[in-house]
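Numbering (this note's numbering), first residue to last: 6 to 150.
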């Protein structure tokens with residue numbers, strides 16, 4: 006049975022927990038979630054118990070209801086494929102630091118130029134403003150801070 010988000014396409018450029026879990030919930034509600042991974046794959050594929058080299062339970066726990074493709078956004082050859090995906094997407098969610106996102110073509114300015122109606126979600130441990138802006142973070146770091 007189709008969910009309330011059927012017909013919505015979400016592109017995920019995220020790793021670890023918060024980004025993948027957020028898009029997993031959108032997938033649970035019927036969205037078509039496409040996880041874009043670097044050639045190395047999501048780090049969580051290799052963390053913790055697993056039966057195969059790139060399918061750790063940690064990864065599987067937060068990446069159901071998704072399709073996955075590999076794009077090396079550090080290479081110019083990936084730009085046409087990225088643009089084609091963005092043109093057809095409704096939502097983009099990423100957990101890349103803002104400075105790094107700009108370097109690899111994931112800034113709001115660049116993506117909204119391709120698709121002006123895109124919903125752009127950036128997940129970060131710290132705000133984009135203030136003394137900690139742009140610093141990388143995981144949940145453990147935030148709790149300790």
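Cβ atoms here follow ideal geometry from the backbone N, Cα and C, with glycine treated the same way. Values in this document were obtained by computation on a predicted structure and should not be read as measured data.
From what residue to what residue does the beta strand (DSSP E) around residue 73 run?
71-75
Put residue 50 into one of helix, strand or coil per three-state DSSP.
helix
Which residues in the same chain as residue 68 place their Cβ atom closer than 6 Å to its Cβ, once the five residues preceding and following it in sequence are excluded?
Same-chain partners within the cutoff: 25.
Of all the options 113, 109, 47, which has the alpha carbon lying nearest to the alpha carbon of residue 97?
113
Close Cβ partners of residue 15 (< 8 Å) along its chain, the five nearest in sequence each way excluded:
28, 31, 32, 36, 37, 38, 39, 94, 95, 96, 97, 98
For residue 15: DSSP bridge partner residues
38, 96
Buried versus exposed call for residue 129 [16 or more other C-beta atoms within 10 Å across all chains shown]
buried
Tell me the residue span of the alpha helix (DSSP H) that contains residue 123.
Residue 123: not part of any alpha helix (DSSP H); DSSP gives it neither H nor E.
In this structure, what does DSSP give as the bridge partners for residue 55?
Within the DSSP secondary-structure output, residue 55 pairs in a beta bridge with 61.
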